[in-house]
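Heads up: the structure comes next, in C-alpha cells.
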Amino acid sequence: MGLKDLGFYVRGRLNSSLAAFLNAAQPVPVTALPLDALLARAHPSPLDYVRLLEGRSNADRQDTLGRLLAARGLPFSRLPFATFEGSGENFVVEVGRGTRTLILVGHHDAVPGSPGANDDGSAVAILLDLLARLAQDPPRRLRVRLLFTACEEIGYLGARCYVKAVPLEGIVGVLSLELCGIGDSLAIWDVVPPLDQAPVIRVFAGVLEELGYRRDESYHLVGRIPVFGSDHRAFAAPGVPAFGLTVVPTSEADALRQFIFNPLRTLFRQLVRRPPPFDTYHTARDRSSTLEPEALERVSRALFALVRALDTG
Ligand SMILES: [Zn+2]
564 MGLKDLGFYV RGRLNSSLAA FLNAAQPVPV TALPLDALLA RAHPSPLDYV RLLEGRSNAD
624 RQDTLGRLLA ARGLPFSRLP FATFEGSGEN FVVEVGRGTR TLILVGHHDA VPGSPGANDD
684 GSAVAILLDL LARLAQDPPR RLRVRLLFTA CEEIGYLGAR CYVKAVPLEG IVGVLSLELC
744 GIGDSLAIWD VVPPLDQAPV IRVFAGVLEE LGYRRDESYH LVGRIPVFGS DHRAFAAPGV
804 PAFGLTVVPT SEADALRQFI FNPLRTLFRQ LVRRPPPFDT YHTARDRSST LEPEALERVS
864 RALFALVRAL DTG
C-alpha cells in the first residue's frame with residue numbers, strides 16, 4: 564500500500580466512524596421504493612431511482628442496482644474486488660464506440676446511518692437517467708462509460724481498485740458526480756494544473772455556456788477542495804483528467820465558499836451550521852424528500868450535451 568493509498572484509507576475510516584457515531588442515535592425511517600415498482604414505470608424519473616436506493620444497507624443498494632441493470636437487458640460488467648480495506652462490486656455500462664472514452668462515476672454506497680439520497684443516490688440516479696437517453700441515441704465516435712462504484716466512503720476503495728485493474732489510455736475525462744440533487748449551479752472541482760488544461764474542461768464549459776449557464780454565476784470551475792473528495796481522485800492520482808461535479812444553490816455560494824475553503828470549519832463540519840447541500844451530508848436527514856427533481860434533471864441534460872459535444876467535436 565502506497566502513501567497515497569494509506570491517506571485515502573485513513574480518511575475513509577474517519578469518515579465512516581464519525582458518521583456512524585453521529586447517526587447512531589437517529590433511526591432512519593425511510594422505506595425504499597421496491598425494484599418491481601420501479602420497473603413497472605415506463606419512464607422512471609431520476610427521483611424514482613434515488614427512492615429505489617435510499618435507506619437500504621450498502622449490500623442491498625449494490626444488489627438492487629445490479630438487479631436493475633440486469634433487468635434493463637443492457638450489457639454491463641460486474642467487477643468485484645476484495646482487499647483488507649473492504650470488498651464490493653463496481654458496475655460498468657458502456658455505450659458508444661471509438662478510441663476515446665468519457666467516464667462518468669457515481670458511487671452506490673452510503674455512510675452508515677444515512678439514507679444516502681444526495682450522497683450519492685443522486686449520482687446513480689442521474690447516470691441511470693442519462694443511460695436511458697444514450698441507449699436511445701448512442702454517440703458514434705465516443706465511448707461513454709458509466710461506472711457505479713462501491714466503497715467510495717472507504718477512501719474511494721472501489722474506484723482505486725478499478726483504476727488498478729483497467730488500462731487508462733484514451734480516457735478524455737472523468738467526472739465523479741457527488742451531491743447532485745440540491746441547487747441550481749454546477750461546480751466542477753479539483754480543476755488544478757496541469758489537468759485544468761484538459762480539453763474536456765474547455766468543452767464542458769462551452770456546453771454549459773450554450774445551455775445558458777454563466778461562469779462564476781451559475782457554473783464554477785473550482786480548484787482543489789480540502790477535506791472533501793470523491794472517486795475521481797483515484798483517477799487523478801495517475802494523471803487522468805478527473806474532476807468532481809456537484810450541484811449547489813446559487814444563493815448559498817458565499818456561505819459555501821467560506822465553509823469549504825476554511826479547513827478547520829470543514830474538519831468540524833459535523834458540528835457547525837452547514838449551508839445546503841452540506842446540511843444533510845452524511846446525516847440521517849439525507850433523504851429523497853430533500854432533493855430537487857430539477858437539479859437531478861439539469862445535470863442529466865448537461866451531461867447529455869457534453870457527450871454530444873465530445874462526440875461531434
Ligand atoms: Zn459521496
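If you count by this note's numbering, then the sequence shown holds residues 564 to 876, one letter each, in order.
Backbone N, C-alpha and C define an ideal beta-carbon position, used for all residues, glycine too.
Within the segment 730-810, ranges of the beta strand (DSSP E) (whole runs, at least 3 residues): 734-740, 748-752, 782-784
Please work out which residues of its chain come closer than 7 angstroms, Cβ to Cβ, to Q625, disregarding the five sequence neighbours upstream and downstream, and give them in chain order. G651, E652, H671, A713
Counting only the same chain and skipping the five closest in sequence on each side, list residues whose C-beta sits under 8 angstroms from that of A634. L598, L602
Straight-line CA distance for I823 to G792? 11 angstroms
Cutting at 8 angstroms between CB atoms, please list the residues of its own chain near D874, excluding the five before and the five after it. Sequence-distant partners of D874 (beyond 5 residues in either direction) whose C-beta falls short of 8 angstroms from its own C-beta, in its chain, are G659, P702, R703, R704, L705.
Specify the secondary structure class of P856 as computed by DSSP and reduced to three states. It is helical.
Is there at least one non-hydrogen atom of ligand 1 closer than 8 angstroms to the beta-carbon of E780? Placement of the Cβ of E780 at a distance of 8 angstroms or more from every heavy atom of ligand 1 is found.
From the DSSP output, read off the bridge partner residues of H671. Partner(s): none; H671 has no beta bridge.
Determine the DSSP secondary structure at T875, reduced to helix, strand or coil. helix
Buried/exposed call for R778, threshold 16 Cβ in 10 Å: exposed
Three-state secondary structure (DSSP) at L615? L615: helix per DSSP, three-state reduction.
Rounded straight-line distance, which links the Cα of A805 to that of R796: Taking the straight line joining both Cα atoms gives about 7 angstroms.
Is there at least one non-hydrogen atom of ligand 1 closer than 8 angstroms to the beta-carbon of E715? Yes, the beta carbon of E715 sits closer than 8 angstroms to at least one heavy atom of ligand 1.
Assign P609 to buried or exposed, taking buried as 16 or more other Cβ atoms, counted over all protein chains shown, within 10 Å of its Cβ. buried
Taking only the alpha-carbon atoms, compute the straight-line gap between R614 and S851 and give it to the nearest angstrom. 6 angstroms
Residue range of the alpha helix (DSSP H) that includes T627: 621-635
Between the CA atoms of C724 and R708 - distance to the nearest angstrom: 16 angstroms
Rounded to whole angstroms, what's the CA-CA distance from S748 to S685? Just pull it up for me. 15 angstroms
Look up F824 in the DSSP assignment and say whether it is helix, strand or coil. In this structure, F824 counts as helix in the three-state DSSP scheme.
Just curious, the alpha helix (DSSP H) that A722 is in, first and last residue? Unbroken alpha helix (DSSP H) run through A722: 720-728.
From the DSSP output, which residues share a beta bridge with E652? Answer is P643, bridged to E652.
With a cut-off of 8 angstroms, do at least 3 Cβ pairs link the segment 801-821 to the segment 748-762? At 8 angstroms Cβ cutoff, the stretches touch.
My output table needs one value for F867: the three-state DSSP class, helix, strand or coil. helix
Where I717 sits in the DSSP three-state scheme: Coil.
Through-space distance from A688 to L665, alpha-carbon basis: 18 angstroms
Distance cut-off 8 angstroms: H795 Cβ against heavy atoms of ligand 1: no
Pop quiz: D842 and P678 are said to be a contact at Cβ under 8 angstroms. What is the actual Cβ separation, rounded to whole angstroms? The beta-carbon distance between D842 and P678, rounded to whole angstroms, is 14 angstroms. This is too long to meet the 8 angstroms contact definition.
Regarding D747 and ligand 1, is the C-beta to nearest heavy atom distance less than 8 angstroms? no
Strand pairing of F711, partner residues [DSSP]: F654, G669
Under a three-way DSSP split, which group does T813 fall into? Three-state DSSP puts T813 in a helix.
Where G679 sits in the DSSP three-state scheme: Note: G679 maps to coil in three-state DSSP.
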